[in-house]
Structure formats: C-alpha cells, structure tokens
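Residue numbers (the working numbering): 78 to 462. Each residue gets a CB set at the ideal place from its N, CA and C atoms; glycine is no exception. First comes the structure, then the notes that go with it.
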C-alpha cells in the first residue's frame, strides 16, 4: 500500500509513526515532510498548499490513500481534488472544512443546532467593533475569523486592549484572516480536546487530550499554537463524553449532511468545561498539534491505519480502535523568540539516550545541514513519553 501524508510538522511525524505501527507496513511519501518523517518514508518536495502538484503526484505514483495533516490543505480543497482523481482521502471536502476556515461559520452552525457555546458577535468594520465592545458585558475574547496558524486568538485584559487588537486585525495584521473579527464570551474552566473520525453522521472517538497554549510555565506568556499535551484528559468522564457527543458533535454532523456538506475525516472539538457544562470553543477539521503526538501512541498497533482507511472509504460502522490505558505526555521544544520572531538555524544536540521504547523525539520545525540537525521553525520538536 502507498500512502501520501501531507504536511511538515510534528503532527505529520506522529501520523507517520502511527501508520507504520502495525504488521502491515505501507510505503509512505510525505509532502514536504521534515527530518523526522524522512526516517519513516520518502519526503517529496511539494508544498502542502500546492493542490495541483499533490494530486498529480498521487495519480502518477498510484497512491492508495491520502492523509492530510494541516488545515490549510483541507480548507483549500485537497479532498475535492483527490476525489476528482479517484483517490481516497482521509479529510473533509472544502465546504465542511469551513468549520475551521471560518470561526463565524462554526458559531453559526453551533447556533443552528443549539450546541452549548459562548455568546458571540461578528464585526466587519471599525464601527461594528467599537459598538460591540462598548456594549459587551465583561471583556470578550478577540478572534480572527480565518486561518491564522494558531496566532489569531487574543485574550486582552481590558476593553481598550480588545479594541486595539480588533483594529489591528481589521487593518490587516493577519492579512485576509482578520478581515472579519469574531468576539466571544470569555469562558472559565478547563479546556478539553476531543477527536473523532467521522463519516457522514457517524463519529468514532479517539483518545482525548488536554493541551496548554501559553508559552511559559504557570500559564504565563503569549498564546501559542500549543506547548504540550497530555492524554487522557484527567477531567473527562464517560458521562461528559456522551453528553458532548449527543449535544454537539452528532448534531453538527447531521446539520452538515442535511445542508449538502457531509463531513468525512477527523473532527477536533475544543471545549471548555464550565460550571454550566461543556461549551464549544472551536472546531478543527484535522488532528490537533501537539495533541496528535500524545493520542496516536495510545492506539493499538495498526489501528490508526485501519481507521484512516475506513474513514476515507466511508466504512466506519462497527469499528472502534483499541486504546492503551497508559497516559502519554508531550512537551514542545520552542525556538528562541517564539511565537513572535522565532530564530532559525540553531544547532540541536540530541542525546542518543533520549529514544527508548517509551520515550521518543518528534520532529517539527527542524532541518538537517552537513550532518547536523538545526532549528527551522517556531515549535521545533517535542518529547513524547
């Protein structure tokens, strides 16, 4: 079997490891990949946003399954392109991928199905922003509507700071992603990350996780794409999982199917466990990063490959992956200056004693040069145990 994995981060390295965990060893191609994925298969010099080149490569090399990692690839429509080429793809089409491509779209879908969610307001100009913030009870969260690589959520301390952040977004600080600003009620509680393999109105739960986003210890520093994760989430219970599935996940899937945009792929629901119960913070239409690094090792060897195949070919019924009861922990190693201005090119000294059967290194923003491993991004790598 030949599989094309799309992406170049830690999530994709973790995906490759999981795809190779069973007795069946598929041949992996990773576009564009990183030094970690190169140990699992063949890296291909095609960017994750180049849909035409990806589809051509998959067709010419008789790829049997495509597993996209990053959100941009999915929001641009890689699943539609692969479907036209007759190649199974484990990811949603462009229409339902708007769950991640537009925070406004997610809020409207959640509203339509009465999924427990924060109050929100949508602003497309300065006047709307000023009025919404002035009338807001408390201090809202400020979000860019579009994709912002984990950098489009702001937690200001005052209404004045809310206005400043919102005005910067409307002025183009994050490009088109911030042309629409979404204000949301600030929720108190514990965050949970739930993951599902979905096909139409079916959802199969993967292990859940809890990540932490602040850069520094003790929840200090700026928000990031995620500085680590643990699985399982210690605050989750089977009762809560059932409640979230029935109140939020399944109604969302039914709504998408009824509106002509059925969902096929991985759905990641970020929720806050508040004193009023779980509320939906966001949807992602792919596996999370760094949560993937924590949850995939808990699946029984070979089950992730089976899950991807069944999801892509809409044969999820009756399949439930086996989960290891041992918890996992992922700690992200970040470059100097991350997230605002990460420094690249620093040499990484990786101890040969680091890797054991129960502890390993996942590559993300790294590159190799003259036999050395160098930093090449913001979130550089992660230690998983």
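Contact annotation: the segment 79-92 touches the segment 144-162, with at least three C-beta pairs closer than 8 Å.
DSSP, read as helix, strand or coil, puts residue 270 in strand.
With respect to the C-alpha of residue 312, the residue from 161, 349, 329, 296 having the closest C-alpha is 349. Less than 8 Å separates the beta-carbon of residue 362 from that of residue 342.
The three-state secondary structure of residue 452, taken from DSSP, is strand. When DSSP states are grouped into helix, strand and coil, residue 361 belongs to the strand group. Residue nearest to residue 448 within the set 168, 406, 427 is 427 (criterion: CA-CA distance). Look at the segment 369-440 and you find these whole runs of beta strand (DSSP E), each 3 residues long or longer: 405-411, 437-440. With fewer than 16 other Cβ atoms inside 10 Å of its own Cβ, residue 139 counts as exposed. Look at the beta carbons and you see the segment 238-247 not touching the segment 281-292: under three pairs across the two are nearer than 8 Å.
Distance between residue 360 and residue 183, taken at the CA atoms: about 7 Å. Residue 204 sits exposed, since fewer than 16 C-beta atoms from the chains shown fall within 10 Å of its C-beta. If you draw a straight line from the Cα of residue 422 to the Cα of residue 257, it comes to about 35 Å. Of the residues 308, 332, 318, the one whose Cα lies closest to the Cα of residue 366 is 308. If only uninterrupted beta strand (DSSP E) runs of at least 3 residues are considered, those enclosed by the segment 272-315 are 279-282, 287-293, 297-308.
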